[in-house]
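Colleague:
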Amino acid sequence: MTSITSGSDSEHLGIPKAVFVEDVDSFMQQPENDSADTVIKRLDDLNNKYRFMEMNLLQKKKRLQGKLPDIQVCLDMVEQLRKYREKDTNMETNFLLAHNLYGKATIAPTDKVCLWLGANVMLEYTLDEAEELLNGNQKTAQSTLQKVDEDLDFLRDQITITEVNMARLHNWAVKKKQQNKK
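The sequence shown finishes on residue 267 if you use this note's numbering, and the numbering steps up by one all the way, no holes.
Written as structure tokens, this is what we have:
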């Protein structure tokens with residue numbers, strides 16, 4: 086652990102918590118801080134790590150945001166199948182064969198549905214089981230999305246603290262150089 090971070094925060098994916106440098110003079114007196122350039126370099130490295138983590142979290146958020154509408158469409162379809170089963174009538178539908186290519190289908194009333202689970206795996210469920218699974222997946226995706234948003238907020242705070250520390254150290258170094266010239 087360096088003096089620019091206070092260890093990792095287990096609540097936020099182990100992201101190291103940046104420490105705000107209150108007193109730059111006393112901070113620079115610490116043995117590991119031999120020059121402003123090396124400390125600024127360490128802070129810049131930390132900032133780059135934060136940016137990399139931010140990019141990964143933003144990608145995860147985008148994937149989750151794409152999943153939620155798909156889950157909702159599946160839930161809506163399960164509900165449609167349930168309604169047609171209760172009416173005991175066939176359902177006419179168009180389904181996607183390929184990009185911009187649809188086929189017509191007539192679906193007899195059923196109490197079963199097949200769901201793609203990913204990795205080329207499809208399983209047959211009853212309508213109730215499918216709805217339960219999809220609702221569980223939706224809740225998990227929503228809670229994960231909320232956690233990712235919290236982690237992004239925490240990470241942005243760490244980026245801000247690190248950038249402010251870099252600016253303060255730079256200003257301190259410039260001030261020291263000016264004092265040494267006098």
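Beta carbons: idealized from backbone N, C-alpha and C, even for Gly.
Using DSSP's beta-bridge definition, name the partner residues of Lys-146.
Modeller: Taking the first residue of the sequence shown as 1, we reach residue 146 at position 61. Its beta-bridge partners do not exist; DSSP assigns none.
Colleague: Going by the beta-carbon positions, is the gap between Thr-245 and Leu-131 smaller than 8 Å?
Modeller: In the sequence shown, the residue the question calls residue 245 occupies position 160. In the sequence shown, the residue the question calls residue 131 occupies position 46. Cβ distance not < 8 Å, so Thr-245 and Leu-131 don't count as in contact.
Colleague: Assign Arg-127 to one of two classes, buried (16 or more other C-beta atoms within 10 Å of its C-beta) or exposed (fewer than that).
Modeller: Residue mapping note: residue 127 aligns to position 42 of the sequence shown, counting from 1. Label assigned to Arg-127: buried.
Colleague: For the candidate residues Trp-257, Ala-121, Asn-175, whose alpha-carbon lies nearest to that of Ala-193?
Modeller: Taking the sequence shown and counting its residues from 1, the one referred to as residue 193 is at position 108. Here the closest residue by C-alpha is Asn-175.
Colleague: Would you decide whether Tyr-135 is buried or exposed? Buried here means 16 or more other CB atoms lie within 10 Å of its CB.
Modeller: As a working mapping, residue 135 is identified with position 50 in the sequence shown. With 16 or more Cβ atoms within 10 Å of its Cβ, Tyr-135 is classed as buried.
Colleague: What are the boundary residues of the alpha helix (DSSP H) that Glu-248 is part of?
Modeller: By 1-based counting over the sequence shown, the position of residue 248 is 163. Residues 212–266.
Colleague: Quick check: the Cα distance between Glu-177 and Lys-189, rounded to an integer number of angstroms?
Modeller: As a first step, residue 177 must be located in the sequence shown, where it is residue number 92. As a first step, residue 189 must be located in the sequence shown, where it is residue number 104. C-alpha separation (whole angstroms): 7 Å.
Colleague: List the residues that DSSP assigns as beta-bridge partners of Ala-103.
Modeller: Taking the first residue of the sequence shown as position 1, residue 103 is located at position 18. Note: Ala-103 sits in a beta bridge opposite Thr-90.
Colleague: Taking a contact to mean a Cβ-Cβ separation below 8 Å, would you say Leu-149 touches Leu-200 in this structure?
Modeller: Looking up residue 149 in the sequence shown gives position 64. Looking up residue 200 in the sequence shown gives position 115. No, these two residues do not count as a Cβ contact at 8 Å.
Colleague: Which same chain residues, not among the five before or five after Met-138, have their C-beta less than 7 Å away from its C-beta?
Modeller: By 1-based counting over the sequence shown, the position of residue 138 is 53. Excluding sequence neighbours, Met-138 sits near Ile-100, Leu-240.
Colleague: Below 8 Å between beta carbons: does that hold for Leu-142 and Leu-237?
Modeller: The residue you call residue 142 lines up with position 57 of the sequence shown. The residue you call residue 237 lines up with position 152 of the sequence shown. Contact: yes.
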